[in-house]
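Reading through the structure tokens given below for one structure.
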Ligand SMILES: NC(=O)c1ccc[n+]([C@@H]2O[C@H](COP(=O)([O-])OP(=O)(O)OC[C@H]3O[C@@H](n4cnc5c(N)ncnc54)[C@H](OP(=O)(O)O)[C@@H]3O)[C@@H](O)[C@H]2O)c1
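Residue numbers (this note's numbering): 18 to 343.
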């Protein structure tokens, strides 16, 4: 295995333009590491910026150039991505010299053998490279992107999570752990369960928002039906709504609340709290900003539930007469 501490070793970051990858790329560049951005739409980079290379999991012809001279890989499964394609890409990367793969997985992947992320983990476990699995809990960034509109327009956290607890983690902490796993020794064949420091109900999360933003944010505890109606009525694709219902059913059933100290063990500091996160991005939820011109500082693309299932064009039909399960 190559010397992990050699700054000349090149790290390829897939999903480098996404929620975790953006921060990860910045951190690696700050550490003086040779880093290459993998994206479907590369831009020409200034001399002091990381190199950007065309890479598409769906287009194997883009892999060769992207993997050239790379010995460490940050891997994610893009939203809606094909597991077989991702496994083929991993194999190609290992064939040409990648000896360590840091994979962004999901909390609880080990309990669900059919989950796409777990199928990629299993493939990595059987490969010739070492690996680090980052099994991340629900990103706080989701509240700043896909759900920010409800806070801005209705002063509400509007998700169908019932009374379930969620151990929200800041994706910046996930990126920091990824940077450590890519640049320090000792993370080979480790599986980290990355969570925030506590598990909150959405009612408690709304209280954190209220205290931090200085205005009352509520959690109306919408039923899955009411949530689907408002979200679909907002021109979100049906597939997106379905993915969200799945994610929040898991939370509703109480499976998203496990808290671990893995972030602290790796980083030597506490994970970012939800209050700190809300304070850092407070302008995202500013109710004086319209949704059409939401602040550019909004982090990432949220749940990443990208889908090509047909978009709805119905007008907003959410109303106060909806059934509320609370
Ligand atoms: N959101 C959560 O709460 C959460 C929690 C735990 C785990 N996760 C997992 O995290 C992963 C998403 O990470 P993220 O949120 O950091 O990303 P993201 O913000 O959803 O962005 C998606 C990234 O994937 C890239 N991408 C999309 N299609 C691609 C393709 N065909 N080939 C190559 N790259 C492609 C995009 O790059 P370009 O557009 O530049 O090509 C973009 O950088 C998913 O596997 C998700 O399950 C999410």
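Just so it is clear, CB atoms sit at the ideal spot from N, CA and C, and this is done for glycine as well.
Residue environment, residue i, which counts as buried when at least 16 other CB atoms sit within 10 Å
{"i": "residue 32", "result": "buried"}
{"i": "residue 153", "result": "buried"}
{"i": "residue 177", "result": "buried"}
{"i": "residue 60", "result": "exposed"}
{"i": "residue 278", "result": "exposed"}
{"i": "residue 88", "result": "buried"}
{"i": "residue 190", "result": "buried"}
{"i": "residue 319", "result": "Low per-residue confidence applies at residue 319: pLDDT is 39, beneath 50, and the placement is therefore not dependable, though the value from the model is reported in the following sentence. Label assigned to residue 319: buried."}
{"i": "residue 203", "result": "exposed"}
{"i": "residue 165", "result": "buried"}
{"i": "residue 270", "result": "exposed"}
{"i": "residue 263", "result": "exposed"}
{"i": "residue 139", "result": "exposed"}
{"i": "residue 90", "result": "buried"}
Beta-carbon proximity check, residue i vs residue j, cutoff 8 Å
{"i": "residue 206", "j": "residue 148", "result": "yes"}
{"i": "residue 210", "j": "residue 131", "result": "no"}
{"i": "residue 160", "j": "residue 118", "result": "no"}
{"i": "residue 292", "j": "residue 225", "result": "yes"}
{"i": "residue 192", "j": "residue 284", "result": "no"}
{"i": "residue 367", "j": "residue 150", "result": "Outside the shown range of the chain (18 to 343) lies residue 367, about which nothing can therefore be said."}
{"i": "residue 252", "j": "residue 236", "result": "no"}
{"i": "residue 288", "j": "residue 213", "result": "yes"}
Residue i to residue j span [Cα, whole Å]
{"i": "residue 231", "j": "residue 109", "result": "51 Å"}
{"i": "residue 101", "j": "residue 141", "result": "13 Å"}
{"i": "residue 312", "j": "residue 128", "result": "Note that residue 312 scores a pLDDT of 46, beneath 50, so its modelled location is shaky; the value from the coordinates is reported in the next line. Going from the Cα of residue 312 to the Cα of residue 128 covers about 38 Å."}
{"i": "residue 295", "j": "residue 234", "result": "12 Å"}
{"i": "residue 187", "j": "residue 145", "result": "31 Å"}
{"i": "residue 184", "j": "residue 39", "result": "22 Å"}
{"i": "residue 97", "j": "residue 30", "result": "18 Å"}
{"i": "residue 363", "j": "residue 64", "result": "The structure shown has nothing for residue 363, since the chain only spans 18 to 343."}
{"i": "residue 300", "j": "residue 47", "result": "26 Å"}
{"i": "residue 241", "j": "residue 198", "result": "38 Å"}
{"i": "residue 34", "j": "residue 52", "result": "13 Å"}
{"i": "residue 116", "j": "residue 162", "result": "35 Å"}
{"i": "residue 67", "j": "residue 83", "result": "13 Å"}
{"i": "residue 27", "j": "residue 196", "result": "13 Å"}
{"i": "residue 103", "j": "residue 85", "result": "17 Å"}
{"i": "residue 298", "j": "residue 157", "result": "11 Å"}
{"i": "residue 261", "j": "residue 137", "result": "22 Å"}
{"i": "residue 327", "j": "residue 265", "result": "Here residue 327 scores only 31 on pLDDT, less than 50, and its place in the model should not be relied on; the value that follows carries that caveat. So the two alpha carbons sit approximately 21 Å from each other."}
{"i": "residue 126", "j": "residue 41", "result": "22 Å"}
{"i": "residue 286", "j": "residue 250", "result": "42 Å"}
{"i": "residue 143", "j": "residue 99", "result": "19 Å"}
{"i": "residue 258", "j": "residue 229", "result": "29 Å"}
{"i": "residue 256", "j": "residue 135", "result": "22 Å"}
{"i": "residue 114", "j": "residue 254", "result": "40 Å"}
Of the listed residues the options, nearest to residue i (C-alpha basis)
{"i": "residue 36", "options": "28, 51, 83 and 94", "result": "94"}
{"i": "residue 290", "options": "273, 253, 215 and 262", "result": "215"}
{"i": "residue 281", "options": "194, 90 and 218", "result": "194"}
{"i": "residue 50", "options": "259, 150 and 200", "result": "200"}
{"i": "residue 121", "options": "155, 111 and 105", "result": "155"}
{"i": "residue 105", "options": "114, 80 and 261", "result": "80"}
{"i": "residue 344", "options": "135, 126 and 223", "result": "Any property of residue 344 remains undetermined from this structure, which presents the chain solely from 18 to 343."}
{"i": "residue 77", "options": "107, 272 and 288", "result": "107"}
{"i": "residue 6", "options": "254, 258, 272 and 256", "result": "Because the chain is modelled from 18 through 343, residue 6 falls outside the range shown and cannot be assessed."}
Self-check item: Segment contact, 8 Å Cβ cut-off, at least three pairs: the region 289-306 with the region 165-184
Solution: The region 289-306 is in contact with the region 165-184.
Quiz item: At a cut of 8 Å, does the region 179-186 reach the region 245-252 through at least three beta carbon pairs?
Solution: no
Quiz item: Would you call the region 42-58 and the region 69-79 touching, i.e. three or more CB-CB distances under 8 Å?
Solution: yes
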